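Enquirer:
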Amino acid sequence: MFSNRPVRNFFHVIPLLLAIPVLGEPQFRPLLEKYCHSCHGPEKQKGDLRFDTLPVEPSAKDFDGETWHDALDQLNLGEMPPPKEKLQPTAQERQALTDALTQILDKEAGLKKEQAGHVHLRRLTRDAYQNTMAELLGVRLDYSKDLPPEPASPDGFLNDGATLETSPSQLEAYLAAARRGLAEAIPEGDKPEVFTFQAQETAVGQLPAKRDGGATPVNPEFLLDVKKFPREGEFKVTIHAGANIPEGEAFPRLRVSIGNVAGIIHVPRKVVGEAEVSAPLDKPQTFTFTGRMEDFPQSGDRDFGNSPFKGIIVMVDFLTADGKELRYKDRAYVAPIPKPKAKKGEEPPPPPPPLPKGATGTRLDIAIASITYEAPVLTFWPPESRQRLLTSCDCDEESDRLKDDIPAFLRAAFRRPPTDAEVGQYATLFEQMRGRTDTYEAAIKEVFAAILVSPHFLYIVEPGGEKHRPLTNHELATRLAYFLRDSQPDATLSELADQGQLTDPAILRRETDRLLGSPEAKGRFLKNFANQWFDLDALDRVAVNPEFYPGFDNSLKEGMREEPVAFLAEILATDGSCLDVLDSDWTMANHSLAIHFGLTVVPATCQCSQVTLQGGVRRGGILGQAAFLVGQSNGEYAHPIKRAVFILDKLLDTPPAPPPPDVPGLAATNPATKTPFTIKERLALHREKESCGNCHKNIDPWGIPLQQFDAIGLPRDTSPVRLSGKKPPQTGAPIDTSSELPDGTAIHGEAQLKNFLLEERRDFFARSISKKLLTYALGRSLAPSDRKTVKSLQTTLVENDYRLRPLLHAIVQSAAFRTK
97 MFSNRPVRNF FHVIPLLLAI PVLGEPQFRP LLEKYCHSCH GPEKQKGDLR
147 FDTLPVEPSA KDFDGETWHD ALDQLNLGEM PPPKEKLQPT AQERQALTDA
197 LTQILDKEAG LKKEQAGHVH LRRLTRDAYQ NTMAELLGVR LDYSKDLPPE
247 PASPDGFLND GATLETSPSQ LEAYLAAARR GLAEAIPEGD KPEVFTFQAQ
297 ETAVGQLPAK RDGGATPVNP EFLLDVKKFP REGEFKVTIH AGANIPEGEA
347 FPRLRVSIGN VAGIIHVPRK VVGEAEVSAP LDKPQTFTFT GRMEDFPQSG
397 DRDFGNSPFK GIIVMVDFLT ADGKELRYKD RAYVAPIPKP KAKKGEEPPP
447 PPPPLPKGAT GTRLDIAIAS ITYEAPVLTF WPPESRQRLL TSCDCDEESD
497 RLKDDIPAFL RAAFRRPPTD AEVGQYATLF EQMRGRTDTY EAAIKEVFAA
547 ILVSPHFLYI VEPGGEKHRP LTNHELATRL AYFLRDSQPD ATLSELADQG
597 QLTDPAILRR ETDRLLGSPE AKGRFLKNFA NQWFDLDALD RVAVNPEFYP
647 GFDNSLKEGM REEPVAFLAE ILATDGSCLD VLDSDWTMAN HSLAIHFGLT
697 VVPATCQCSQ VTLQGGVRRG GILGQAAFLV GQSNGEYAHP IKRAVFILDK
747 LLDTPPAPPP PDVPGLAATN PATKTPFTIK ERLALHREKE SCGNCHKNID
797 PWGIPLQQFD AIGLPRDTSP VRLSGKKPPQ TGAPIDTSSE LPDGTAIHGE
847 AQLKNFLLEE RRDFFARSIS KKLLTYALGR SLAPSDRKTV KSLQTTLVEN
897 DYRLRPLLHA IVQSAAFRTK
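Per this note's numbering, residue 97 is the first one in the sequence shown, and the count goes up by one each step.
1) When you compare the region 676-694 with the region 643-653, are there three or more beta-carbon pairs, one atom per stretch, that lie closer than 8 angstroms?
2) Is I540 near F526, with beta carbons less than 8 angstroms apart?
3) Based on Cα-Cα distance, which residue from R876, L747, F544, S877 lies nearest to G277?
4) Using 8 angstroms as the cut-off, can you tell me whether the region 658-666 makes contact with the region 738-752, which would need three or more C-beta pairs spanning the two stretches below that distance?
5) Could you check the C-alpha separation between L802 and P736 for me, to the nearest Å?
6) Between which residues of its own chain and G454 is the CB-CB distance below 6 angstroms, once the five residues before and five after are set aside?
7) Compute the beta-carbon to beta-carbon distance between I467 and I354, rounded to the nearest angstrom, for a pair I have assumed lies under 8 angstroms.
8) Have a look at V473, N794, T384, A577 and flag the residue whose alpha-carbon is nearest the alpha-carbon of T228.
9) For F913, which of helix, strand or coil comes out of DSSP?
10) For H735, would you say it is in contact with chain D, using Cβ-to-Cβ distances shorter than 8 angstroms as the test?
11) Using 10 angstroms around the beta-carbon of P348, count the other beta-carbons present and answer buried if the total reaches 16, otherwise exposed.
12) To the nearest angstrom, report how far apart I116 and K884 are at their CA atoms.
13) Which term fits D317, buried or exposed, when burial requires 16 or more other beta carbons within 10 angstroms of its beta carbon?
14) Roughly how many angstroms separate the alpha carbons of F392 and A509, rounded to a whole number?
15) Thinking just about the alpha-carbon of each residue, which of A258, P902, T186 is nearest to the one in C674?
16) Using C-beta distances below 7 angstroms, list every residue in its chain close to E480, excluding the 5 sequence neighbours before and after it, in chain order.
17) Restricting to Cα atoms, I'd like to know which of A626, F644, R876, A734 is closest to I718.
18) Taking all protein chains shown into account, do 16 or more other C-beta atoms lie within 10 angstroms of the C-beta of E153, making it buried, or fewer, making it exposed?
19) State yes or no: is the C-beta of A230 within less than 8 angstroms of the C-beta of E330?
20) Out of curiosity, what's the CA-to-CA distance linking T262 and V557?
21) Classify V886 as helix, strand or coil using the three-state DSSP reduction.
22) With C-beta atoms as the reference, is E246 less than 8 angstroms away from L232?
23) Could you please give me the residues that DSSP links to A339 through a beta bridge?
24) Using CA atoms only, rank isn't needed, just tell me which of D223, D256, P138, L854 is closest to L870.
25) Can you list, in chain order, the stretches of the alpha helix (DSSP H) that have 4 or more residues and sit fully within the region 689-746?
26) For a test of the three-state rule: what should DSSP assign to H570, helix, strand or coil?
27) What are the boundary residues of the alpha helix (DSSP H) that E317 is part of?
28) Less than 8 angstroms between the CB atoms is what I'm expecting for V333 and Y555, so what's the real figure, rounded?
29) According to DSSP, is D516 helix, strand or coil?
30) Out of V412, Q381, D745, D148, which one is the CA nearest neighbour of Q628?
31) How long is the line joining the alpha carbons of L567 and V519, rounded to whole angstroms?
32) Assign F621 to buried or exposed, taking buried as 16 or more other Cβ atoms, counted over all protein chains shown, within 10 Å of its Cβ.
33) Is it right to say R948 is buried, meaning 16 or more other beta carbons lie within 10 angstroms of its own, or is it exposed?
34) Per DSSP, what kind of secondary structure is S835 in: helix, strand or coil?
35) Output the distance between the C-alpha atoms of W682 and E855, rounded to the nearest integer angstrom.
36) Does DSSP classify P797 as helix, strand or coil?
Put into structure tokens, the structure is as follows:
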């Protein structure tokens, strides 16, 4: 349950609990022989498990606490002995076994308390590093672009200190990113030239219209020709636009891209951003888009024939709310917007231009009044970042500047006051670098770069060896900040830590509430937690087959990924129940997702908003959300096994064993009749194989009730089947969503499955979310010594009506969180 090794399958085990010696030797041996030996004794060992020789004393060398804990889970589930077995322990026997095994595991936890349960060094993840660098230097660069992705821990999380290793090449990438950021934050020399280009009408010029490698030609509705531009630095695109939106129509959208003409065929470009246009034609909105020039395609020195575009091009596309392009010939147009009415004493403006041919007041029309490109963006010079990082720029003597600059930067980078030895070490480095550089700024930037590759910056450092101890104020501030904002402590946390107040439980509670109400709570904490708990990256791993689903728009995946994040954010913001994750009468959806699922009309925006679910198929909870239904499919068929494993692992904390490497495929058709198998028939055949049946008989029933949803999350009555690779998929047999769970409960469809989870498995769900959040908060896999903490968190969650906020407070206030 708590270790890093794969959990074996114990669904068929558990009379083994009768081996617990607290029952007394005379009672234990007969019960063990009666219930266990036929499958897990000297002659037969199902699942390679033999219980007559399994130690039950925690101090024994070969004691296996994980095996006993998984066994306890199955006993509590009522799934062992299997319901179909005639011989069953009495209720009194089950209770005695549960109590005895709990005592054994508690004893094991006590023995291991000083041996595990803490991580000394935890490297910043890519996201945490990106956020920290941007806040520390005050410059928004893509600092993590050259860093390798983090491997997921056995628990599915990316912030586990045990998996966050650092290679020499990675250190080189950190150093390069630090120098790049410092060069931007502390520039030298004169103020650079600022390039500004503006237009009220689209540029005249023909973009390539041919296909290149199957790519669709670029054909935006508005072009701004930028002939001169900086190669690096921040740019800003400002657009004034309005729209004529007939009643009942959704707001259209602008999509802004930057690219260049790389030849007579290809036009590389990258999207800067999108925004919805809700203002009328005569009262245009102002939209501002920003980015970094080095992150976008740029033209070189080549002359591409007669193309008028020698620099870069700002391109604007018009889209419907659900992401489809609006073309001039269809409904959109580009024209000057009427000027506002003249004030008293001024000449009246000219009459508005006529609508293009075919455009009427009942059409959805968009107009751009003006568009401006500016780069680099220099609000101040020198930039504010330089003034913040070089705290004593007015000092005449470099030695005086050094006394302030190095300690201040060390304090910010190390997230604690530096020691005198650390200050002296980097002051010595400055003296060495100053002899090789022309300016104070060049030398100090190299010193700062060295600080930014120090373990004290790249890692969350909690020194002290193996001994458990309370965290210091600054360590607690850092742990809390990277838990709830995925970045360094902000000014308030740092000040409280400096004052020694953060370890006060009341102040810690107040700060937890403050951080939970911040934009970072949703934008970083809940996003990262939901991504990793629900494995939202599975959406990117699934390629929806257009032959099976020709109308599927891949851009829907963005909303699908946002839905679970917005769902958890709504639960937190409204102090709602975590049980809504299992089932609810509401969900979160943007306009495109609502159209896809046929839900109540949602405001025309790409942002998710709450939708009340009425009648029909119950989509409430994660099991009705597209991120789960699509992510746990193969892009052609719904995948009941993947969906079942998700339920058992993510929601019930009872993960099945991983499949063996030589798992046979599922036959699609009956070789005798040449007719397609139903999914239940295919799974039944799979279970007939002895190597597969022991696991799948306890996995498959959880996924079959969700067969009423296809691979893109829509309800269906039949399943498609491909009889030949050369033929399009055909309509298959009617969907059968009836199954029998391992405890013998008959289930038909997703509604009954959700009811069962809510009524019979809510305690397992409470334990699961408590474990997941604690694991994420601590940045490590849980150990046996954490079991009491998990039990306490689970109790807190239940006693507070399964509300998320009290659970988060309990985690932050727990000894596990506040102790090294």
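In this text, a Cβ means the ideal position worked out from N, Cα and C, and glycines have one as well.
Only a predicted model underlies this, so the values are computations on that prediction, with no experimental measurement involved.
Expert: Once the coordinates are examined:
1) yes
2) yes
3) F544
4) no
5) 7 angstroms
6) Residue placement at G454 is flagged as unreliable, the pLDDT there being 44, under the threshold of 50; the coordinate-derived value follows with that caveat. Counting only Cβ-Cβ distances below 6 angstroms, and skipping sequence neighbours, we find nothing.
7) Contact flag wrong, Cβ pair sits at about 12 angstroms.
8) A577
9) helix
10) No chain D appears in the structure shown, which is made up of a single protein chain.
11) buried
12) For I116, the predicted model reports a pLDDT of 39, less than 50, meaning its position is unreliable; a value from the coordinates is still stated below. If you take the alpha carbons of I116 and K884, they lie about 21 angstroms apart.
13) According to the sequence displayed, residue 317 carries Glu and not Asp. Answer is buried; the Cβ neighbour count reaches 16.
14) 30 angstroms
15) P902
16) G234
17) A626
18) exposed
19) no
20) 15 angstroms
21) helix
22) no
23) I462
24) D256
25) 722-727, 736-742
26) helix
27) Taken as a continuous stretch (DSSP letters only), E317 belongs to no alpha helix (DSSP H), as it is neither H nor E.
28) That pair is no contact at about 38 angstroms.
29) helix
30) D745
31) 23 angstroms
32) buried
33) Shown here, the chain extends from 97 to 916; a query on residue 948 therefore has no answer.
34) strand
35) 19 angstroms
36) helix
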